[in-house]
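Inspection log for the structure reproduced underneath, given as structure tokens.
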Amino acid sequence: MSQEALRKQLEERLAQMQARLASIKEEVTQSHSGDSAEQAQERENDEVVDAIGNETAQSIRILQAALMRLEDGTYGICERCGEEISDGRLAVIPEATRCVNCAD
Ligand SMILES: [Zn+2]
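Taking my numbering, the leading residue of the sequence shown gets 118, the next gets one more, and so forth.
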């Protein structure tokens with residue numbers, strides 16, 4: 118995949134994640150409006166929404182980091198051993214920071 122195509126793909130996913138995070142935040146804000154009698158249920162929902170929100174925020178950071186590596190030319194280099202990450206692996210996990218040997 119060309120770097121340009123890759124950048125586009127990462128940017129699209131980043132935009133999706135940011136839109137998702139925005140809608141999650143909106144949901145949380147809405148659930149706190151009004152004086153519902155089901156506040157315990159609402160709190161439970163909030164926890165689920167929080168977990169999804171945290172996961173989404175984490176994905177955003179990972180995608181932003183991948184885009185930064187594209188910018189500074191370190192994209193596709195294993196952060197542990199310094200070898201190139203295989204194209205096959207990057208095709209499956211474009212935001213991978215480690216080669217298959219160093220992956221957890
Ligand atoms: Zn490695």
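Yeah, the Cβ is synthetic: ideal placement off N, Cα and C, and Gly gets one too.
For I141, the secondary structure class from DSSP, reduced to helix, strand or coil, is helix.
Listed in chain order, the non-local C-beta contacts of M134 below 6 Å within the same chain comprise T173, S176, I177, local neighbours out to five positions each way being set aside. Linking A139 to V145 through their CA atoms gives a straight-line distance of about 10 Å. As the crow flies, the alpha-carbon of C219 is around 40 Å from that of R160. The continuous alpha helix (DSSP H) containing A208 extends over residues 204 to 209. Here P211 has L123, Q126, L127, A183 as same chain residues with Cβ atoms under 7 Å from its own Cβ, once five neighbours each way along the sequence are excluded. Burial check for A213: the Cβ neighbour count within 10 Å reaches 16 or more, so the residue is buried. The beta carbons of R197 and R215 sit closer together than 7 Å.
Between G193 and L207, the C-beta gap is smaller than 7 Å, which places the two residues in contact. Here the residues close to ligand 1, judged by CB distance below 6 Å to any of its heavy atoms, are C195, R197, C198, E200, R215, C216, N218, C219 in chain order.
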